[in-house]
Amino acid sequence: MTTTQIEAPRAAPPESPRRRTRTRRSPYLTSARYVVLFALACFFLMPVYALVVTALKDPSQVDVVKMWQLPDGLSFETFSIVWPKLKNGFVNSLILTIPASLISSMLGAMNGFVLSKWRFPGADIVFPVILFGMFIPYQAIIIPMTQTMSKLGLAGGLDGLILVHIIYGIPITTLIFRSYFAGISDELIEASKVDGAGMLRTFFFVALPIAPPAFAVSMIWQFTSAWNDFLFGLVLTRTEYWPVTIALNNVAGAQTVPFNQAMAAALLASIPTLLVYILLGRFFMRGLMAGALKG
Amino acid sequence: MRYSRKGLLALGLAATLLVLPACSKKNEPAGGGATEVEVFSWWSGPGEGEGLAALIEDFKKNNPNVTFTNAAVAGGSGTQARQALATRLLQGQPPDSYQLHAGKEAASDIKDGRLEDITYLYDQNGWKDKFPKGLMDNLTIDGKIYAVPVNIHRSNLLWFSPKKLTEWGIAAPPKTWSEFLTQAATLQAKGVKPISVGQTWTQMHLLENVLLGELGVPKYNGLWDGTTDWKSAEVVAALDTFKKIMAVAVVGTDDWQPTIDKVVAGTAAYNVMGDWAAGYLQGPKALKYKTDYDVVASPGTTGVYNFLSDSFTLPKNAPHKAAAEAWLKECASTTGQDLFNPKKGSVPARLDADKSKYTDYLAWALQEWQNPSTIIVGSLVHGVVANNAWKSEIEKAYGVFFTGKDSAKFGAAVSTAYGANK
Amino acid sequence: MSRRIRTWGPGLLLVSPSLALLLVFVYGFIGWNGLVSFTQWKGLNPTYVVEGFDNYTYLFRDETFRNDVRNLVVFTVVFMVGSLVLGFFMALLLDKGVRGETFLRSIYLFPMAISFIATGIVWRWLLNSDRDVGTTGINKLFELVGLGFLHSDWHKTPSALAIAAIALPAGWALSGYVMSLFLAGLRGIPEELREAARVDGANERRVYWYVVRPLLLPVLMSAVVILAHISLKTFDLIYAIAPLDPRTETPALYMWLTSFRGGFFARGAAIATMLFFAIALVIVPYIWYTVRAERRK
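Sequence order for the protein chains is W, C and Z. All residue numbers for the first sequence refer to this note's numbering, where the first residue is 1099 and numbers rise by one. All residue numbers for the second sequence refer to this note's numbering, where the first residue is -10 and numbers rise by one. All residue numbers for the third sequence refer to this note's numbering, where the first residue is -18 and numbers rise by one.
Right under this line is the structure:
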């Protein structure tokens, strides 16, 4: 079983540990393992700790040197200072990410379906051609992009940015859906063909209805990816249409900003993607694995 | 064919998606309406934001129907703003007005055809004789004026705490850089850093003033018009002095405010910075001139005013031209300038400003600026003597100089870049 | 004949919007960018007059560019080795199954959900290198646990390896991903193979060395390729931690600065083109190999 496959409903998830046919392990080794795992968890959570602790301190208590100390009392004042500066960016990011993930997922579903279940001559070339777009450095297209968006009148506002995220999201969404549909038995499609349905009908009435899991993966991945983007937002939007990442950099990137504001701003800007990750992590991980192509 | 509910749902979803893009925010339609103005600057940090805020408040009072959008991009000396502005101009979406340094930096944008000729505003409002001629020359090309200056800043200043100096047994701040290096030995013995610098631009700010102090005015001016050879022995010697100064400095990567904080806190003795530091120390830090902090001309530059000037422009295709013009009128007015400059730590550009508003450090600065025997030169880092392209090449060469410490190579690189970017 | 077209024609049609968009916005733009790299476009007004390889020769002789490439190599190596080792180690620890595995894995992976810019902003403070009374960040942590001698200047060290410090937040962000890859790879190895080796008398270590390791090669390749291409593209992270510092500048940052700060767009396009080819060198064989392997199945 390859790891590119998003679990089609029947396949066993690879996440569960297999039964041990061997017996006892040394208890010392096991405890040592848990200690190390715990230490690693601390390493990964350390920045979060600093972030949360700083953001919750009363501004008068904040001192860079006391970064690791717990706050004396919880205070949300820093958030109230920083939120007005980020609010606009937040709204912009929402307006940007939701249509972008919906549309690129839809396009990905179309491509994924055709490339796996309704192939045509040359499909084996089209897939790599699409896939390659996932890996290109954005620096290589940023100059032509600004020129094009400007000429199309899409620069400055969010339309251009949405279009960009749709287009550059197509490769990964295609990959996700292709893997998913490939894991579905061909019988369903054959049955549809026998019924006399053409490709479009098969797509809309057979493929799409069973695609929600893949949609979840695709949309969550695209949402996260678009929310966290920086370079495109930097180059394609004007101040009032800045996504939250650019607003964050403007608030916290300058070296003069009080350190607690920088931390609180970083926390606020990360909350949506973190929430999605915590609540819908399963789908997020499948998107991650899909992006690695062959496992 | 079965028409399952799910299938119809899928169809509906597809249809909705096609309509969605129409719901997203649209770009602002271009128009000449005087209802809104977006002003782009880099004045968002402490010591700079307050002055702008005062100007904005006065503008709002005089123009109650206009919404003011403060599109300030953080980062001292426009380190991040210049890039953000470039993306805007490339997008064809200029702000209604943006901040620009008078001098060669302005010339770059003018030559690229991005600024409106606002001579007509000067004629309409009788501004032509209200600003010093030298300053106006730096904003004029082929007889056309392209910006409205708000202030004059001075770059060559040495900041220190008099109490701390006495504490360390230093009688007076150094008058030359060799004197500084002698003092440095004493200070280091006491565990104090002789001088503080921060990010690259603050280091180059120090560099330009070391060059000025070591080379003197005529040779300094010659550096920027090709008459002084960057590869000559004197320039290399001055660069070597700079290296010695950097060797005893505490080098941070912060912006200018945390860097000068070190002088206030007593961990560093001196800092070379422009007089926006006065706006910061008097304003947000609430320190007193002469008691808590003091300032003299940086070593070797007594009687020399290394100037820079911030100005505001009217970009071509500004979305709200009338409102932008109102903003420019605000910037050029005596009231506006007298509200802005005391907080900013700068001297007003207008000749007829109200002198009584300029106290403490600014009184001295104004006196120096208006003294006919003061020699005025232009700043490198702040856009007066070098155009954008050459200045960015100098910055690049400085990066190599910072790590490699090769003075001759730096001089050669700057010289080559000058030729390539004239 | 037309019936066959009618069969797959609609498929082609359904893919064509995406294909068209990508052909323009990916391949077309890369070509356009390449064209710009041969011009002398300086300042805000584009010119498309082809002048030759001047930008490339300039960059090859440019010390800043060479420094940046060296920084990039250092960063890539440290980042990749660090993430691979840590990720593999974590996968090994989790492979046999532990209590709370799902919980632990979600902790190791959460950095992937956070933008690099936010990561950079937090880590900028963590990598603070002030001394004595000003000590903070990770150095302060060292101090608090009695390991104060480990104090590091991180990316402000005068050494040429300053940029290696930035591999730390990058590794923090990506190790969980590497771990997931290796974990899936390890668990994709049929237990029968391992069991057969054990029955033959191999102890656990030999099982790993002779059975598991060779089968993990594809996973390793995946991980290497993905880490390499992320490393070459990295911009936000360095922009947030130390944007204008020559010690931590990479070609990606240089491209941005020289284009939008200095106005040397043609030169920036040249840097971008070189970045593109560097990534293509790694990615194209990888995609080709993957698609081929898939077809063989």
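The C-beta atom is built at its ideal place from N, Cα and C for all residues, glycine as well.
Partner residues on chain C for residue i, Cβ-Cβ distance less than 7 Å
| i | result |
| --- | --- |
| ALA99(Z) | Per Cβ cutoff of 7 Å: no residues; ALA99(Z) is ~16 Å from chain C at best. |
Residue i, DSSP secondary structure in three states
| i | result |
| --- | --- |
| ILE147(Z) | helix |
| PHE19(Z) | coil |
| ALA136(C) | strand |
| ASN16(C) | With a pLDDT of 44 at ASN16(C), under the threshold of 50, the modelled position of that residue is not reliable, and the figure given next carries that caveat. The answer is coil: DSSP assigns ASN16(C) none of H, G, I, E or B. |
| ASP283(C) | strand |
| ILE1282(W) | coil |
| THR216(C) | coil |
| ARG1384(W) | helix |
| TYR1126(W) | helix |
| PHE294(Z) | An answer regarding residue 294(Z) cannot be provided, because it is not within the stretch -18 to 278 covered by chain Z. |
| LYS398(C) | helix |
| THR1057(W) | This structure gives no information on residue 1057(W), because the portion of chain W shown stretches from 1099 to 1393. |
| PHE120(C) | coil |
Residue-level contact to chain C via CB, residue i, 7 Å cutoff
| i | result |
| --- | --- |
| ARG1336(W) | yes |
| ALA1362(W) | no |
| ASN120(Z) | no |
| VAL1333(W) | yes |
| GLY1254(W) | yes |
Under 9 Å by beta carbon: chain C residues contacting residue i
| i | result |
| --- | --- |
| ALA1314(W) | The premise fails here: ALA1314(W) is roughly 14 Å from chain C at the closest Cβ pair, so nothing lies under 9 Å. |
Interface flag, residue i vs chain W, CB-CB below 7 Å
| i | result |
| --- | --- |
| ASP217(Z) | yes |
| ALA60(C) | yes |
| LEU270(C) | no |
| GLY263(C) | no |
| SER13(C) | The predicted model places SER13(C) with a pLDDT of 45, which falls under 50 and marks its position as unreliable, so this point remains unresolved. |
| LYS214(Z) | yes |
| GLY289(C) | no |
| ASN16(C) | Residue placement at ASN16(C) cannot be trusted, given a pLDDT of 44 that sits under 50; what the coordinates show is reported in the next sentence. Judged by the 7 Å Cβ criterion, ASN16(C) is in contact with chain W. |
Closer than 7 Å to chain Z by CB, residue i
| i | result |
| --- | --- |
| TYR1375(W) | yes |
| GLN72(C) | yes |
| GLY20(C) | With a pLDDT of 44 at GLY20(C), under the threshold of 50, the predicted position of this residue should be treated as unreliable, and no value is reported. |
| PRO1169(W) | no |
| VAL374(C) | no |
| ARG1384(W) | no |
| MET1204(W) | no |
| ASN1209(W) | yes |
| VAL403(C) | no |
Best match in the options for proximity to residue i [C-alpha to C-alpha]
| i | options | result |
| --- | --- | --- |
| GLY1385(W) | THR1272(W), THR1371(W), TRP1319(W) | TRP1319(W) |
| LEU1094(W) | LEU3(Z), ILE264(Z), VAL200(Z) | Residue 1094(W) falls outside the range modelled here, since chain W spans only 1099 to 1393, and no answer is possible. |
| GLY367(C) | ALA238(C), TRP116(C), ARG143(C), THR165(C) | ARG143(C) |
| SER1277(W) | THR1300(W), PHE1303(W), PRO1311(W) | PRO1311(W) |
| LEU1138(W) | LEU164(Z), MET61(Z), TYR39(Z), ALA72(Z) | ALA72(Z) |
| PRO304(C) | ASP112(C), ASP250(C), ASP101(C), GLY187(C) | ASP101(C) |
| SER1323(W) | LEU1192(W), PRO1356(W), PRO1219(W) | LEU1192(W) |
| TYR87(C) | ASN377(C), TRP32(C), ASP281(C), GLN326(C) | TRP32(C) |
Proximal residues of chain W, C-beta to C-beta of residue i below 8 Å
| i | result |
| --- | --- |
| ALA221(Z) | ASN1347, GLY1351 |
Under 8 Å by beta carbon: chain C residues contacting residue i
| i | result |
| --- | --- |
| GLY1187(W) | Chain C residues near GLY1187(W): none, gap ~13 Å exceeds 8 Å. |
Closer than 7 Å at the beta carbon, the chain Z residues around residue i
| i | result |
| --- | --- |
| ASP250(C) | Simply none; closest approach about 11 Å. |
| PRO1145(W) | VAL103, TRP104, LEU107 |
Interface partners of residue i on chain W, CB under 9 Å
| i | result |
| --- | --- |
| GLU27(C) | ARG1336, THR1337, GLU1338 |
| ARG276(Z) | ASP1222 |
Cross-chain neighbours of residue i in chain W, by beta carbon under 7 Å
| i | result |
| --- | --- |
| HIS210(Z) | PHE1233 |
| MET93(Z) | LEU1386 |
Residue i: CB within 6 Å of a non-hydrogen atom of the ligand ATP
| i | result |
| --- | --- |
| ASP106(C) | Among the components of this structure there are no ligands whatsoever, and the ligand ATP is therefore not found. |
Exercise for the section: May I ask you to list, following chain order, the residues of the segment 1226 to 1248 of chain W that have a beta carbon less than 8 Å from some beta carbon of chain Z? Expected result: PRO1226, VAL1227, ILE1228, LEU1229, PHE1230, GLY1231, PHE1233, ILE1234, PRO1235, TYR1236, GLN1237, ALA1238, ILE1239, ILE1240, ILE1241, PRO1242, MET1243, GLN1245, THR1246
Exercise for the section: Return the residues of the segment 23 to 34 of chain Z that lie within a Cβ-Cβ distance of less than 7 Å from chain C, sorted by chain order. Expected result: LYS23, GLY24, LEU25, ASN26
Practice task
Can you give me, in chain order, the residues of the segment 72 to 96 of chain C that have a beta carbon less than 7 Å from any beta carbon in chain W?
Solution key: THR76, ARG77, LEU79, GLN80, GLY81, GLN82
Exercise for the section: For the segment 287 to 315 of chain C, enumerate the residues whose C-beta is nearer than 7 Å to any C-beta of chain Z, in chain order. Expected result: none
Problem - Residues of the segment 33 to 45 of chain C whose Cβ lies closer than 9 Å to any Cβ of chain W, in chain order - result: SER33, GLY34, PRO35, GLY36
Exercise for the section: With 8 Å as the C-beta to C-beta threshold (strictly closer), list the residues of the segment 225 to 238 of chain Z near chain C in chain order. Expected result: LEU225, ASP226, PRO227, ARG228, GLU230, TRP237, LEU238
Practice task
Residues of the segment 348 to 373 of chain C with a CB closer than 7 Å to any CB of chain Z: list them in chain order, please.
Solution key: none
Handout entry: Near-chain C residues of the segment 242 to 274 of chain Z (beta-carbon distance less than 8 Å), N- to C-terminal order
Key = ARG242, GLY243, GLY244, PHE245
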